[in-house]
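Numbering (numbering that gives the first Met the number 0), first residue to last: 0 to 344. All C-beta atoms in this analysis are idealised placements derived from N, C-alpha and C, irrespective of residue type, glycine included. Note that the structure is predicted; figures quoted are calculated from it, not measured. Working notes, structure below.
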Amino acid sequence: MRAAPALRMLPVVLKREPDERLSSWLGRLARFYGMSTEAFLECCGLSHSDINDLEWRLGGGEGALLAARVGMAVEELRAMTFAEIAPHARLMVARGRRYVCPLCRGGTQHKATALPWSFWCREHAIRLAARSGRELERLPETQLVMLDLNARAGAVRLANWARGRDEGLPSIPQLLDFLTTRHRRSSPPSLAEQPRLSLEARRANHDFLTRPIARQALLVVVPEYDRVAPVLAKPVRAGLFSLAQGSLLQNYALAVGVGRLSADPVGYSAAVLMASDEEGEERLRETLRAWPLALRRRIYARLGRLRGAHSGSSLGVERNRPGRKRRQSQKFRFSRSHNYAPRIS
Ligand SMILES: [Zn+2]
0 MRAAPALRML PVVLKREPDE RLSSWLGRLA RFYGMSTEAF LECCGLSHSD
50 INDLEWRLGG GEGALLAARV GMAVEELRAM TFAEIAPHAR LMVARGRRYV
100 CPLCRGGTQH KATALPWSFW CREHAIRLAA RSGRELERLP ETQLVMLDLN
150 ARAGAVRLAN WARGRDEGLP SIPQLLDFLT TRHRRSSPPS LAEQPRLSLE
200 ARRANHDFLT RPIARQALLV VVPEYDRVAP VLAKPVRAGL FSLAQGSLLQ
250 NYALAVGVGR LSADPVGYSA AVLMASDEEG EERLRETLRA WPLALRRRIY
300 ARLGRLRGAH SGSSLGVERN RPGRKRRQSQ KFRFSRSHNY APRIS
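Written out as structure tokens, the structure reads:
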């Protein structure tokens, strides 16, 4: 064992912060000794190791080499890894921090901030912010406080799912598939979504004004997001990738969506179906095929009642206003479609 003499304990070892991730701590240690993380790992006898692989699963041999160098137990080092995250959720672990706490020290990265559903700093009990630009600040604070209830419920389920401890149905992947299904055909920015532009500017921005934007079920389940998200950044990626690669605002909306669908899957999915167009409804029904049969039956029964009630009320309007054409009442139905989002019971 030629490498053994190189593994003398380091004279100074920086204290790790609570919940600090291994890559952050090793990076700080490397900087302290004036070297890159790669060079530091080499000094620890880990010349061919990738820091991201080490902090995902620290093997026994690697752990022993590192432990000898820093004078800590392997289990202490392993506590800084993502060992508790199940393989199916590895895509959720960001290489760096996703969001920032304005009060936390700049050089330290916490394990929690690697995950898309961590919206609050545990240490300072404040909301995390996006690394650049306004994100959650687009939502009024009073609304955020209400949304937090759903976001926290969604985040708890997501965290359990990542640890392989969520057995709820529909499952997390099934809920995210539903939320990211296009419920209507793509359409250019509506007037409400467009900035105020002069005629000249409208001509210059023709491409933006006519670009089709994907319309996903998330917009119906979380209309608050629909109202404030920048129109080009409204669509999210499909399924689990929506969270893995989403912005802070998108991930917050997705967590709210997961929270709401978990609390009232029948009400919210029936509302999405109600707001869908023909093609969108087909896509949604296809997605819903993965959900438990008994639940699907309740959803379609609720949809039938909503449609019955709505056509009844539309007929009432027509009876009172005999000159009104049928086509107009259809239009009315679409324009109000988002108002069907129910309360959580
Ligand atoms: Zn903090």
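- Query: Based on the DSSP output, what are the partners of Gln215 in its beta bridges?
  - Reply: Working through the sequence shown from its first residue, we reach residue 215 at position 216. Bridge partners of Gln215: Arg181.
- Trp160 - containing alpha helix (DSSP H), residue span: For the purposes of this step, residue 160 is taken as the residue at position 161 of the sequence shown. Per DSSP, Trp160 belongs to the alpha helix (DSSP H) from Glu140 to Ala161.
- Query: In terms of residue numbering, what span does the alpha helix (DSSP H) encompassing His205 cover?
  - Reply: Along the sequence shown, one-based indexing puts residue 205 at 206. Per DSSP, His205 belongs to the alpha helix (DSSP H) from His205 to Thr209.
- Item | Selected residue, minimal CA-CA separation from Tyr32, among Leu9, Lys14, His182 and Glu16 | If you number the sequence shown from 1, residue 32 lands on position 33. By alpha-carbon distance to Tyr32, the top candidate from Leu9, Lys14, His182 and Glu16 is Leu9.
- Mapping DSSP to helix, strand and coil, what is Trp119? The count along the sequence shown starts at 1 and reaches residue 119 at position 120. Look at Trp119 here: in three-state DSSP terms it is strand.
- Query: Got a sec? Which residues, its chain only, sit under 8 Å from Lys110 by beta carbon, not counting five neighbours each side?
  - Reply: Against the sequence shown, residue 110 aligns to sequence position 111. Cβ neighbours of Lys110 beyond the five flanking positions: Asp18, Glu19, Arg20, Met79 and Phe81.
- Which word fits Ile84, buried or exposed, when buried means at least 16 other C-beta atoms lie within 10 angstroms of its C-beta? Along the sequence shown, one-based indexing puts residue 84 at 85. By the 10 Å Cβ count, Ile84 comes out buried.
- Quick one: is the Cβ of Leu135 within less than 8 Å of any heavy atom of ligand 1? Counting from 1 along the sequence shown, the entry for residue 135 is found at position 136. Incorrect: Leu135 has no Cβ contact closer than 8 Å to ligand 1.
- Task: Identify whether Arg7 lies in helix, strand or coil by the three-state DSSP scheme.
- Result: The residue given as residue 7 occupies position 8 in the sequence shown. Collapsing the DSSP output to three states places Arg7 in coil.
- Query: Does the distance from the C-beta atom of Gly279 to that of Arg184 stay below 9 Å?
  - Reply: The residue given as residue 279 occupies position 280 in the sequence shown. The residue given as residue 184 occupies position 185 in the sequence shown. Their beta carbons are under 9 Å apart, which means Gly279 touches Arg184 by this criterion.
- Query: Got a sec? Which residues, its chain only, sit under 7 Å from Ala113 by beta carbon, not counting five neighbours each side?
  - Reply: For the purposes of this step, residue 113 is taken as the residue at position 114 of the sequence shown. Excluding residues within five positions, the ones whose Cβ falls inside 7 Å are Arg20, Val92, Ala93, Arg96 and Arg97.
- Query: To which residues of the same chain is Ser117 closer than 6 Å at the C-beta, ignoring the five residues directly before and after it?
  - Reply: Against the sequence shown, residue 117 aligns to sequence position 118. Hits under 6 Å: Ala111.
- From the DSSP output, read off the bridge partner residues of Glu19. In the sequence shown, residue 19 corresponds to position 20, counting from 1. In the DSSP assignment, Glu19 is bridged to His109.
- Tell me the DSSP bridge mates of Tyr98? What you label residue 98 is simply residue 99 of the sequence shown in a count that begins at 1. According to DSSP, which records beta bridges pairwise, Tyr98 is partnered with Ala129.
- Measure how close the beta-carbons of Gly26 and Thr36 come, nearest whole angstrom, since I'm counting them as under 8 Å. Counting from 1 along the sequence shown, the entry for residue 26 is found at position 27. Counting from 1 along the sequence shown, the entry for residue 36 is found at position 37. Contact flag correct, Cβ pair sits at about 5 Å.
- Query: Between which two residues does the alpha helix (DSSP H) containing Gln193 stretch?
  - Reply: As a working mapping, residue 193 is identified with position 194 in the sequence shown. Run containing Gln193: none; DSSP gives neither H nor E here.
- Task: Taking all protein chains shown into account, decide if Asn51 is buried (16 or more other Cβ within 10 angstroms of its Cβ) or exposed.
- Result: As a first step, residue 51 is located in the sequence shown; it is residue number 52 there, counting from the start. So Asn51 counts as exposed.
- Throw me the rounded Cβ distance for the Arg295 and Leu287 pair, which I believe falls under 8 Å. The sequence position of residue 295 within the sequence shown is 296, counting from 1. The sequence position of residue 287 within the sequence shown is 288, counting from 1. Rounded, the Cβ-Cβ distance is 6 Å, consistent with contact.
- Query: Apart from the five residues just before and just after Arg126, which ones in its own chain have a Cβ nearer than 7 Å to its Cβ?
  - Reply: Numbered from 1 along the sequence shown, position 127 holds the residue referred to as residue 126. Cβ within range, chain order: Phe118, Trp119 and Leu135.
- Query: Are the Cβ atoms of Ala270 and Tyr299 separated by less than 9 Å?
  - Reply: Reading the sequence shown from its first residue, position 271 is the one you call residue 270. Reading the sequence shown from its first residue, position 300 is the one you call residue 299. The answer is no: Cβ separation not under 9 Å.
- Message: Cutting at 6 Å between CB atoms, please list the residues of its own chain near Ala154, excluding the five before and the five after it.
- Response: Your numbering for residue 154 matches position 155 in the sequence shown. Once the five neighbours on either side are set aside, the close Cβ partners of Ala154 are Trp116 and Ala254.
- Count the other CB atoms, across all protein chains shown, that sit within 10 Å of the CB of Phe177; report buried if there are 16 or more and exposed otherwise. Within the sequence shown, numbered from 1, the residue matching residue 177 stands at position 178. Within a 10 Å sphere around the beta-carbon of Phe177 sit 16 or more other beta-carbons, which makes this residue buried.
- For the alpha helix (DSSP H) holding Trp55, just list the boundary residues, first then last. Taking the sequence shown and counting its residues from 1, one reaches residue 55 at position 56. Residues Ile50 to Trp55.
- Task: Identify whether Ser186 lies in helix, strand or coil by the three-state DSSP scheme.
- Result: In the sequence shown, counting from the first residue as 1, residue 186 sits at position 187. Ser186 falls in the strand class under three-state DSSP.
- Taking one C-beta from the region 216 to 236 and one from the region 246 to 265 each time, how about it: are there three or more such pairs within less than 8 Å? yes
- Message: Contact defined as beta carbons within less than 8 Å: I believe Thr107 pairs with Glu166. What is the distance between those atoms, to the nearest angstrom?
- Response: Within the sequence shown, numbered from 1, the residue matching residue 107 stands at position 108. Within the sequence shown, numbered from 1, the residue matching residue 166 stands at position 167. Rounded, the Cβ-Cβ distance is 34 Å, inconsistent with contact.
- Does ligand 1 have even one heavy atom less than 8 Å from the beta-carbon of Glu122? The residue labelled residue 122 in the question sits at position 123 within the sequence shown. Because some heavy atom of ligand 1 lies under 8 Å away, the Cβ of Glu122 counts as near it: yes.
- Message: According to DSSP, is Glu223 part of a helix, a strand, or is it coil?
- Response: Numbered from 1 along the sequence shown, position 224 holds the residue referred to as residue 223. In the structure shown, Glu223 sits in a helix (DSSP, three-state: H, G or I).
- Message: Considering Cα atoms alone, identify which of Trp55, Leu40 and Asp49 is closest to Ala66.
- Response: Indexing the sequence shown from 1 puts residue 66 at position 67. Nearest C-alpha to Ala66: Leu40.
- Query: For Glu75, which three-state DSSP category applies?
  - Reply: By one-based count along the sequence shown, residue 75 stands at place 76. Three-state DSSP puts Glu75 in a helix.
- Using three-state DSSP, classify Cys42 as helix, strand or coil. Numbered from 1 along the sequence shown, position 43 holds the residue referred to as residue 42. It is helical.
- Message: On the criterion of 16 or more Cβ atoms from any shown chain inside 10 Å, does Gln142 qualify as buried, or is it exposed?
- Response: Counting from one through the sequence shown, the residue named residue 142 turns up at place 143. Label assigned to Gln142: exposed.
- Kindly give me the distance between the Cβ atoms of Ala129 and Ser246, rounded to whole angstroms, as I take these residues to be in contact under 8 Å. As a working note, residue 129 is residue 130 in the sequence shown. As a working note, residue 246 is residue 247 in the sequence shown. About 7 Å separates the two Cβ atoms, so the contact holds.
- Message: Are there any heavy atoms of ligand 1 lying less than 8 Å away from the beta-carbon of Leu102, as far as the coordinates show?
- Response: Residue 102 sits at position 103 when you count from the first residue of the sequence shown. Flag set: Cβ of Leu102 near ligand 1.
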